[in-house]
Every structure is written in C-alpha cells, then in structure tokens.
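Some notes on the structure that comes next.
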Amino acid sequence: MFNPSIGQHNIQLRCLPARETFQKAVSETFTISECFWHGEGLDGFGNRIISGGTRERHATLEYICRGTIKQSTYCIPDAEPHPIFSLPSEERFDVLEDIISEAKALHGLDAPLAVMHYVHRFMTYRPGTTDINTSLRDVIAMRQGVCQDYAHLMVEICRKAGLPARYVCGLMIGEGATHAWVEVHDGQCWYAFDPTNDTAIATGYIKLAHGRNANDCPVSRGTYIGNTLQRTIVSVSVTFPQTTKQHKR
Amino acid sequence: MAYINLKGLIDSRDAVNKWMERFGVRFGVYKNGVFNEQLFPFDSIPRVISKKDWDYLEAGLQQRVKALNMFLWDIYHDKNIIKDGVVPEEFVYSSKGYMPECEGVSPVGKVYAHIAGIDLVEGKDGKWYVLEDNLRIPSGASYPMIARKLCRKVSPSTFSDNSVAENRDYSELLRTMMDDMCVDGGMKVILTPGRYNSAFFEHSYLAEKTGATLAYPGDLFVEDDKVYYAGMFKEKRLVGAIYRRVSDEYMDPLTFEASSLLGIPGVMQAYKAGNVALINAIGNGVADDKGIYYFVPKMVKYYLGEESILQNAPTYLPYYEEDKAYVLANLEKLVIKDVSEAGGYGVMFGRDMNEKQLAEMRQLINDEPRRWIAQEVIDFKDLELLEGDEVVERKADLRAFVVTGKETKVWKSGLTRFSRNPDSFVVNSSQGGGFKDTWVMIK
C-alpha cells in the first residue's frame, strides 16, 4: 500500500516454486493487481521469476500465488555445480577456523551436518537484531540473527571447507514468512540443511529460489518513483494434507 | 616523416583548441569527490601510422576481438575453455567483471563486445604491444573525430597534401553495427547517465553523428519485457538497441545495484528475452580483466586455431608459482597492476618504490597472488608534441576502436593519448593527459 499513490512501478518476484524433480506443482495460479503487466522468465541462476510493472498511478499492489505441491525427498541431482558456489568470501574469520578444519576432515554428508550443528549452537535466534544489510562479520560478532544469517554463516563455513554451498529461499510448513536454508553439494547432488532448526531437510520445505547469498534471490524486489509511505503485508500459509500454499503480499 | 607536411596544422593549432573549447570538447574528472570538467588538451602533431603497420594492426585487432567475443559467449554458456584447462576457473569466477546473472543470456548475433577499445603501445624496437582490452564502455572515439573535423576546417590543404585515411566514418561504423543488432525495427538510443558523466560530450556527439536518440535514464521503461522510449508527448516507442554508457552494475536496479537511478528497471529480463540489444553486452568485464589479459593469445589459438598476431606486453601471473618467484625477485624493474582497478589507478612501478614499499608489495603479492599481475616495463616510443613553441617528446599510447556487428571492423584512426608529465608512463585521460589525432596512411 502506498500513500500517496505512485506511478512507474516495476517489480521482480521469486514467489513461484522452483522447478525441481523433488517438488512437482500439481496446480499453480498467480494473480496480480490489474494495472500491472507481468510475465514469467528465469534469472541467471535458473530461478523462476515474474517481472511486472505499471505506469498507471496506484495505491496498492497485491499479488497472490496459490498452488499445490507434491514432494519427494529433497535432493537435486547436478553433475556440474557452478564454481561460483564454491568461492568463499575473501574475509578471514578466526573463530571459524576450528569448524572449518573439522569439516574438512569429515566425509560425505557428515561434513555439512557437523557445520549445521555448529551454526545452530553458535547462533541465538533473535529477530530484529539484524537486517538484510548486516554483514557476516557483524553476525559472527553478535552471534545472533534470523534464518538468513544462519544460512549465510553455514554457506560461508561450507565453502571455506571446500564444499559447494548455496543459499536457498523458500517456505516451510505453517510459518508466517519466508524461510532460508542451505543446499550443499556432495559430488552428485545438492542436499538441503536448515541450520536455524538444526534439521537435515527431507520433505516439507518448498524451495523458491537459490543464489550465492540472500541478495541473489529476494522474493520481491521493486522500484517506483514517488515520495510515499509504503506498508507491506506478507502472509504465507503452507499446510497439509489438504495442501494449500498461499503467498500473499 | 619528411613526406608529411604539417605546417598548416601547426600554424593553426591555437585555432583548433579554441574551436574545441567552443564545441565543449571536455573531459570530466572526479577528484576527492569533486567533479571538474576540463578541456581535453589537443596537440596538433598527429600520430602517423604507416600503411604497413596498419595492415598488421588491423588484422591483429580483428583477430583479437573475434576471440574475445567467442570467449565471452563460451564463459556464459558451455565454458569449454575452462573445461579444457586453458583458462583456470579462479580467474573467471572470482573476477569482478563476471556476472552470474548473465549465465545463459544469448545476445543478438553472439556479439558481446560491439565496441572494443584496445590499448596498444609502440615499443622503441618498432613492435606493437597490447597493454589492455577495454570491452565494457570504452570511451574516446569522439575526440579524434572532432579533432579531425576541426583540423580540416583550419587547414584543409594538410589533408589534400597527405594521403590520410578518412576517420569521419566512425559514426557510419557505429550506425551499421546498431542496425545489425537492432531488434524488431525498434529505435536506437544512446543511454547516457547524464551531464555529470566524465564522457558526456562524447555521448551527445555520438548521438548527433549516428542519428541515434540521446536518452537519459528516465526516458526508458520496460513493459511486457520490452523496452520503450517515453516521448515528449507521452507516446511510447519500441527500442531495439541501446548503446548504453552506463556501467553494468547500474543498468538494472531489479537485478544489480538496487539503489541505481541510472538504469532501466526490468531491462535485464527484456534483454534475456531477446527483445532488445545492449551495446555492449552486460558481463564483458570478465574478458577485459587484467588477469584474463594474460590468456588472450591463448584464446586466439583455442578458438580460431591461429597464432595471435598481436603480442601482449610480457606479463607474469603470481598465481603461477614460477611467475611469482620471478616477480618477487625482479619487483624493482616491473610494473605491478591491481587487476580490480581501471583508468590508470592501481598501477605501480617497482622502480619508484623504496625498500619498505617493495617489502609491503611483496607481502601483498604473497597474500593475494590472484589480485596482481606484473609486466615488464616497455620502453615505448616517444611522440613529438608542442609545448609552447618547443617540440618535446612524451610517452603516448593508442586506443584502437574495433566495432563488431555482422562483421568485425577496425576504425582507421584511434585515440592517441599522451602524458604531459615527461616522467610518466601513465597516459589515461582520467589522469589528466592530452590527445592527438591518429593518422592512418593509405599509401
């Protein structure tokens, strides 16, 4: 909602479930405020995106994505993971050196599991202490944050330990907002880990998009021209067995 | 140079500089956050390139730019050159110019570097060396264009007495290339960040000369994944090709830098959908990275199966242990470049450093070998120029412009920049040098 109304509004959404073999859309609908044109495409990471915009003045933008997903066990075969998911940051964090060496010594999925447990123990979940611009350095210093910070930390440790890792944004059962977790490549497939909940993911997580970090796969991004007050309402509901998924803004 | 008669030009050099001032031939420089626009000093003694040298350069430049375009396509698609071990992946993916957002994007005609500015120097041994490839938004062509025009005005006989190749056809080269690239008969625009850009004179001059529309960021918008130009009367016109003079990271706030007001929101998707040509393509920085430069002759061999006609300056990559050992042992005679910097910044000469600085530099190279390249200092030929009434000699380079549409063509001229400081080897215009016209002889 915008007060006063605005014109020249462009958006880019990553709110459709990713097309992966482990999750098949049984049904899927997307609707958006009438004055917006919209079209579907892919970004450079292969994520599904909806682009849209309008030049008409408007006071609200509403979009709804509904659908039903049928999932098997979370696993994404990928013979050649893109090398950018193996590049850690150039910063050095002394406090992480021990877990990095530990992960390097472990084999197979034991390594990402150890990293996940470590991140879960290291961090305290505290909403409102970080935002999208908080650096990893600050997160490590404060040892608190939300799912995004947990995921960033896990991605960094994995990459430093030589494991290709990527940031994933998606939805989990029942939660009232989007969630973030991590995919780690074991040589054949990407497997998913949720450091916030200390869980190796099997089912129940709907993947929307992935990237190097949160900045590569925001659920929504937009620009408009106008001096206005913006209010955003996000509602996410994922349930089963009468599976309905709703993502509304 | 006995056969070249320059008297008319030299006699009227003040007139040329006056005209340039009147036409606003300026170059903006940001220093300490303050924008200063300066005249770009013109020296009326041209650089003269013989037909024989030019034939060699032309063939070499075409070959080099073809290979660079093939490299860019490969990097954003199959990555064969990496798989075949010719270029190590670290140099590609950790380059700031590599844009994962461009993976799988297929520009019209597989062309990425439509306009390439290749910087060369002529050594005292008479050999030419490539110093740098500029494949993002190389600037500078407008200066020799307007200089030639003004020289003709003040001394027409100079050009009837000497067999100099025409250089006013650069706009024609650009225009043809833009026509070749243009999608669905849309309009052609030159997108400028605006009048506080260092090369604004050039943007407006090239628009005038090519007949393209000079567009400011707010003039363009995206609808249904197509780019439109918002005309004065609110009508919208389809845009088919954008010669953009805005950097990659500011081109689309929905994909890159979110705070950018210089870009076109949504243009990346229009571009991916093949609905508009971006000139130059996005993501070219990965091929003109100073670290990748080392591999360009290898690219020529790999993609074209030919030996590279043009030579690089002898370059060492500390990334390779053998090269690192050489660089650390010979630092005082080498020039060190930070691969992430451009415009003459981050270039250091070992001979100018004291013991402490040399030790620090060695440490930096040891810590981050990937960040640096080292080159032998090329003793390049001095060019004559007028300082008052005196003829003095100064270092100069040559930026050759290579334009690729359906074909790859080299403009028979170029920007010759010189350093005004007799001791300096750095000639970038952002560092306050001057320029000359470049004459290519036709016989």
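Chains as they are written, first to last, in my numbering: chain G, 1 to 249; chain R, 250 to 692. Ideal placement from N, C-alpha and C gives every residue a C-beta, glycine not left out. Just so you know, these numbers come straight off a predicted model, no measurement behind them.
Does residue i come out as helix, strand or coil in the three-state DSSP assignment?
| i | result |
| --- | --- |
| residue 352 of chain R | coil |
| residue 63 of chain G | strand |
| residue 189 of chain G | strand |
| residue 248 of chain G | Residue confidence is low: residue 248 of chain G scores 45 on pLDDT, short of 50, so the model does not pin down where it sits. Its coordinate-derived value is still stated next. In this structure, residue 248 of chain G counts as strand in the three-state DSSP scheme. |
| residue 464 of chain R | strand |
| residue 82 of chain G | coil |
| residue 432 of chain R | coil |
| residue 219 of chain R | The question about residue 219 of chain R has no answer here: the residues shown for chain R are numbered 250 through 692. |
| residue 653 of chain R | strand |
| residue 240 of chain G | coil |
| residue 140 of chain G | helix |
| residue 250 of chain R | The predicted model places residue 250 of chain R with a pLDDT of 45, which falls under 50 and marks its position as unreliable; any figure quoted below should be read in that light. Coil. |
| residue 29 of chain G | strand |
| residue 220 of chain G | strand |
| residue 407 of chain R | helix |
| residue 660 of chain R | coil |
| residue 424 of chain R | helix |
| residue 570 of chain R | helix |
| residue 77 of chain G | strand |
| residue 276 of chain R | strand |
| residue 99 of chain G | helix |
| residue 256 of chain R | helix |
Which residues does DSSP pair with residue i in a beta bridge?
| i | result |
| --- | --- |
| residue 180 of chain G | G:169 |
| residue 291 of chain R | R:684 |
| residue 268 of chain R | Beta-bridge pairing links residue 268 of chain R to no other residue. |
| residue 226 of chain G | According to DSSP, which records beta bridges pairwise, residue 226 of chain G is partnered with nothing at all. |
| residue 584 of chain R | R:598 and R:624 |
| residue 372 of chain R | R:629 |
| residue 211 of chain G | G:167 |
| residue 382 of chain R | R:367 |
| residue 298 of chain R | R:689 |
Here's the rule: buried if 16 or more other CB atoms are within 10 angstroms of the residue's CB, otherwise exposed. What is residue i?
| i | result |
| --- | --- |
| residue 29 of chain G | exposed |
| residue 480 of chain R | exposed |
| residue 299 of chain R | exposed |
| residue 432 of chain R | buried |
| residue 10 of chain G | buried |
| residue 472 of chain R | buried |
| residue 251 of chain R | Any reading at residue 251 of chain R must be qualified, since the residue scores a pLDDT of 39, below 50, and its modelled position is unreliable; the value itself is stated next. That one is exposed. |
| residue 292 of chain R | buried |
| residue 45 of chain G | buried |
| residue 266 of chain R | buried |
| residue 272 of chain R | exposed |
| residue 663 of chain R | buried |
| residue 612 of chain R | exposed |
| residue 504 of chain R | buried |
| residue 352 of chain R | buried |
| residue 176 of chain G | exposed |
| residue 528 of chain R | buried |
| residue 355 of chain R | exposed |
| residue 18 of chain G | buried |
| residue 451 of chain R | buried |
| residue 326 of chain R | exposed |
At a threshold of 8 Å, does residue i count as lining the ligand SAH (C-beta to nearest heavy atom)?
| i | result |
| --- | --- |
| residue 228 of chain G | With respect to small molecules bound, the structure shown includes none, and the ligand SAH cannot be examined in it. |
Using a Cβ cut-off of 8 Å, which residues of the stretch 71-83 of chain G contact any Cβ in chain R, in chain order? So the list reads 82 and 83, given in the order they occur along the chain.
Mind listing which residues of the stretch 167-199 of chain G have their C-beta closer than 9 Å to chain R's C-betas, in chain order? none
Mind the definition here: the stretch 252-261 of chain R touches the stretch 396-414 of chain R only if three or more C-beta pairs lie below 8 Å; say whether that holds. Output reads yes: the stretch 396-414 of chain R touches the stretch 252-261 of chain R.
For the stretch 623-633 of chain R against the stretch 559-567 of chain R, do three or more pairs of beta-carbon atoms, one drawn from each stretch, fall closer than 8 Å, so that the two count as touching? Flag = yes, the stretch 623-633 of chain R and the stretch 559-567 of chain R touch.
Below 8 Å, how does it come out for the stretch 72-83 of chain G and the stretch 56-63 of chain G: are there three or more Cβ pairs, yes or no? For the pair of segments examined, the stretch 72-83 of chain G was found not to touch the stretch 56-63 of chain G: the number of CB pairs separated by less than 8 Å stays below three.
Between the stretch 36-66 of chain G and chain R, which residues of the former have CB atoms less than 9 Å from a CB of the latter, in chain order? 37, 38, 39, 41, 42, 43, 44, 45, 46, 49, 51, 52, 53, 54 and 55
If you pair each beta-carbon of the stretch 188-204 of chain G with each one of the stretch 150-159 of chain G, do three or more pairs fall below 8 Å? yes
In chain order, what residues of the stretch 106-138 of chain G put their CB closer than 8 Å to some CB of chain R? none
Return the residues of the stretch 342-369 of chain R that lie within a Cβ-Cβ distance of less than 9 Å from chain G, sorted by chain order. Within the stretch 342-369 of chain R, the residues whose Cβ lies closer than 9 Å to some Cβ of chain G are 342, 343, 347, 348, 349, 350, 351, 352, 353 and 354, listed in chain order.
Inter-stretch contact at 8 Å, needing at least 3 Cβ pairs: the stretch 645-659 of chain R / the stretch 425-439 of chain R: yes
Pairing CB atoms from the stretch 628-641 of chain R with CB atoms from the stretch 543-556 of chain R, are three or more of them under 8 Å? In short, these stretches do not touch, since the Cβ pair count stays below three.
Residues in the stretch 509-526 of chain R with C-beta within 7 Å of chain G's C-beta atoms, listed in sequence order? 514, 515, 518, 521 and 522
Mind the definition here: the stretch 606-620 of chain R touches the stretch 315-333 of chain R only if three or more C-beta pairs lie below 8 Å; say whether that holds. no
contact_flag[the stretch 199-212 of chain G, the stretch 129-144 of chain G] where n(CB pairs < 8 Å) is 3 or more: Too few Cβ pairs lie closer than 8 Å, so no.
Taking 8 Å as the cut-off, does the stretch 364-379 of chain R touch the stretch 337-349 of chain R (at least 3 CB pairs, one atom from each stretch)? no
So does the stretch 489-499 of chain R actually touch the stretch 376-391 of chain R, counting three or more Cβ pairs closer than 8 Å? yes
Residues in the stretch 83-101 of chain G with C-beta within 9 Å of chain R's C-beta atoms, listed in sequence order? 83, 84, 86, 87 and 90: these are the residues of the stretch 83-101 of chain G whose beta carbon lies less than 9 Å from some beta carbon of chain R, given in chain order.
Determine contact between the stretch 212-228 of chain G and the stretch 104-121 of chain G, defined as no fewer than three beta-carbon pairs at a distance below 8 Å. Verdict: no, contact absent.
Going along the chain, which residues of the stretch 491-505 of chain R sit with their C-beta nearer than 8 Å to a C-beta in chain G? 502, 503 and 504
Which residues, taken in chain order from the stretch 311-342 of chain R, show a beta carbon closer than 7 Å to some beta carbon of chain G? 338 and 342
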